[in-house]
Amino acid sequence: MRKPMKLLATLLAALLTLSLAACNKDGGGKLNIPVNQTGSDDFQKNMHQSDSLEFGRASETEDGIYIQLDSEFMYYIDKATKGITILCGKPECEHNDATCNARTYTDSLWFAGGKLYFTNSSRVEENGTWVSYGRRLYCVDPNGANRRVVQKLQFTPGGDTSSWTPQAIQHRGTVYFTYSGVLYAMPLGGDIEKDAVAIWGEESEDTGPSFNLSAPQYSLWADGDTMYFMVNIPQTDGTHKDTLFAYDPETREVSQVWETPDAGEVGEWESAGVSVSKWYVMGGAIYFYLSGNDFWRTDLSTGKTEKLADTHEKTKYGKAVFSDDYLCLINSTPEDEGGHQYGLTGGGDYLGGDTIYVYGLDGTLVKELSLKSLYDQFDTLESCELAFCSGSDIYFVADAGTMSWSGSVGTKNSYYILCCVNIDSGEITQIYNWD
Numbered sequence: 219m220r221k222p223m224k225l226l227a228t229l230l231a232a233l234l235t236l237s238l239a240a241c242n243k244d245g246g247g248k249l250n251i252p253v254n255q256t257g258s259d260d261f262q263k264n265m266h267q268s269d270s271l272e273f274g275r276a277s278e279t280e281d282g283i284y285i286q287l288d289s290e291f292m293y294y295i296d297k298a299t300k301g302i303t304i305l306c307g308k309p310e311c312e313h314n315d316a317t318c319n320a321r322t323y324t325d326s327l328w329f330a331g332g333k334l335y336f337t338n339s340s341r342v343e344e345n346g347t348w349v350s351y352g353r354r355l356y357c358v359d360p361n362g363a364n365r366r367v368v369q370k371l372q373f374t375p376g377g378d379t380s381s382w383t384p385q386a387i388q389h390r391g392t393v394y395f396t397y398s399g400v401l402y403a404m405p406l407g408g409d410i411e412k413d414a415v416a417i418w419g420e421e422s423e424d425t426g427p428s429f430n431l432s433a434p435q436y437s438l439w440a441d442g443d444t445m446y447f448m449v450n451i452p453q454t455d456g457t458h459k460d461t462l463f464a465y466d467p468e469t470r471e472v473s474q475v476w477e478t479p480d481a482g483e484v485g486e487w488e489s490a491g492v493s494v495s496k497w498y499v500m501g502g503a504i505y506f507y508l509s510g511n512d513f514w515r516t517d518l519s520t521g522k523t524e525k526l527a528d529t530h531e532k533t534k535y536g537k538a539v540f541s542d543d544y545l546c547l548i549n550s551t552p553e554d555e556g557g558h559q560y561g562l563t564g565g566g567d568y569l570g571g572d573t574i575y576v577y578g579l580d581g582t583l584v585k586e587l588s589l590k591s592l593y594d595q596f597d598t599l600e601s602c603e604l605a606f607c608s609g610s611d612i613y614f615v616a617d618a619g620t621m622s623w624s625g626s627v628g629t630k631n632s633y634y635i636l637c638c639v640n641i642d643s644g645e646i647t648q649i650y651n652w653d
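Going by the working numbering, 346 is the number at position 128 of the sequence shown; the sequence numbering is gapless.
Here it is, written out as structure tokens:
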């Protein structure tokens, strides 16, 4: 896939274009963001698919998509035009300090009830002293104005550092969040001390919720009337398995409904017997992809597992994202088979991909989308990683960074491009560049 370098002038021109775009945080001009957007009070499953570390969660309304880029700033993308602007809402703001409304550093994001919600762990300077308020939930208007605190998500500010990837989700007016290895539920806007109800996990009898180094790592989900969470559970033989639990908000009962299949059931894959590469719960079933294997579906009520598509016939390895309509897969190559040791994908040990395979929920191949024109345009492009699918648009991040070397020590000079490809037309739109 890696091509010979073209003329130096072509490379410098491409990098200059990226640099100029990266410096423009407004993203190409101010957009007229509709102030009366409603969105949905249901958990947005398709917006929680990305594994990229270069931006946070995304959330969508009928008009646009909210997304954190630069691992720091919130932006708004117009669905129809693919125009983008920083979500600040402050006239004359230069977006270079903590007073900017768009500076979020969030790990969780959703739109509900006409407001955009996001989490943030904040320290505030008061009377010459920095005060930590811990992880809290904030909201802003659809245009980024009127930023305010909604509720606390930590019992003790700064006390919950046991989860490396903390997550909170909202579903139908309830916020589900973790603290020190315990999963909680409370009403949106509620008081954590009075309203938080423990769903799963062990609280300390003496001190209540507290710091816990051995806390489990959760992946939170919701569909219909049910809340789900995936936890990597230790097994008696010393191994681990991703295990899915279902929580009924009415009865407050938790039940195990699925666990990662054994290699004997579905065949070998990259992390055989331990974890799935990507999963998606919808309509009482879990859809999942096993890199180095195929697409699968398990009925959560009967436990019956069926193969949906032989994806290894198209690409042996890959990265997937799902939506309510599509199973999307991009090809990739491991490092030991020619991939590179830097880039976006999966911890940085893959090269790829240049083709997206789009399947229906029944496993039928709908479309093959080529991204090769991007590789032709940017000589430095090493990999592309899927982010999420919205309607007939698949969003992805292209890594067009370069490496500089001092002896045997390499330094990554990062440039990223947020792109969108339309499933029907195959047209690729470059939305935003940053470094």
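Ideal Cβ positions, reconstructed from N, Cα and C, are used throughout, including at glycine.
The beta strand (DSSP E) runs lying completely inside the region 443-523 and spanning 3 residues or more are 444-452, 458-466, 471-477, 496-500, 503-507, 513-517, given in chain order. Within its own chain, the residues whose Cβ lies closer than 6 Å to the Cβ of Ser437, once the five positions on either side in sequence are excluded, are Met448, listed in chain order.
Of all C-beta pairs linking the region 536-555 to the region 574-586, three or more are shorter than 8 Å, placing the two stretches in contact.
With a contact defined as Cβ atoms closer than 8 Å, Leu636 and Ile646 miss out at about 12 Å. Of the candidates Leu589, Ser610, Ser608, the residue whose Cα lies closest to the Cα of Cys602 is Leu589. The beta carbon of Glu483 is closer than 8 Å to those of Thr523 in its chain, skipping five residues each way along the sequence. Contact between His389 and Asp260 holds: their C-beta atoms lie close to 6 Å from each other, under 8 Å.
In the same chain as Arg366, and ignoring 5 residues on each side of it, the C-beta atoms closer than 7 Å to its own belong to Tyr356, Cys357, in chain order. Around the beta carbon of Glu586, fewer than 16 other beta carbons lie within 10 angstroms, which makes this residue exposed. Its chain contains Asn640, Ile641, Asp642 as the residues whose beta carbon lies nearer than 8 Å to that of Ser610, once the 5 sequence neighbours on both sides are disregarded; these appear in chain order.
For the set Lys297, Ala316, Asn450, the Cα lying nearest the Cα of Gln474 is the one of Asn450.
Nearest in C-alpha terms to Thr516, of all of Thr478, Ile304, Trp487, is Thr478. Taking C-beta separations shorter than 8 Å and ignoring five residues to either side along the sequence, the partners of Lys333 in its chain run Cys357, Val358, Asp359, Pro360, following chain order. Classified as exposed, Val342 has fewer than 16 neighbouring CB atoms from the shown chains inside 10 Å of its CB.
With fewer than 16 other beta carbons inside 10 angstroms of its own, Asn364 counts as exposed. Setting aside the 5 residues that flank it on each side, Ala414 is surrounded in the same chain by Tyr402, Met404, each with a C-beta closer than 6 Å to its C-beta; the list follows chain order.
Remark: C-beta atoms of Asp455 and Leu526 do not approach each other more closely than 8 Å. Between Val499 and Asp443, the CB-CB gap reaches or exceeds 8 Å. Under the DSSP assignment, Leu305 falls outside any beta strand (DSSP E); it carries neither an H nor an E label. Residues of the same chain with a CB within less than 6 Å of the CB of Phe329, apart from the 5 flanking positions on each side, are Gly257, Ser277, Thr279 in chain order.
One thing to note: Cys607 has its Cβ no nearer than 8 Å to the Cβ of Lys300. Non-local C-beta neighbours of Thr620 in its own chain, meaning closer than 7 Å and more than five positions away in sequence, comprise Thr598, Asn631, ordered along the chain. Counting along the chain, Ser608 sits inside the beta strand (DSSP E) bounded by residues 601-608.
DSSP, read as helix, strand or coil, puts Asp259 in coil.
Nearest to Ser495 by C-alpha distance, out of Asp617, Ser289, Gly510, is Gly510. Our two residues, Met265 and Trp652, have alpha carbons roughly 21 Å apart in a direct line. Membership of Leu592 in the alpha helix (DSSP H) is indicated by the continuous run 590-595. Ranked by how close their Cα comes to the Cα of Asn250, the residues Arg275, Gly362, Pro434, Glu344 have Gly362 in first place. Asp413: member of the alpha helix (DSSP H) spanning 410-413, first to last residue.
Distance between Cys306 and Asn319, taken at the CA atoms: about 5 Å. With distances taken between CA atoms, Ala538 lies nearest to Ile612 out of Gln595, Ile612, Ile285, Glu272. Of the residues Thr520, Gly521, Leu518, Leu508, the one whose Cα lies closest to the Cα of Thr533 is Leu508. Between the alpha carbons of Phe395 and Lys370 lies a distance of about 11 Å. In the three-state reduction of the DSSP assignment, Asn338 falls in the strand class.
Within the DSSP bridge table, the entry for Gln388 names Val393 as partners.
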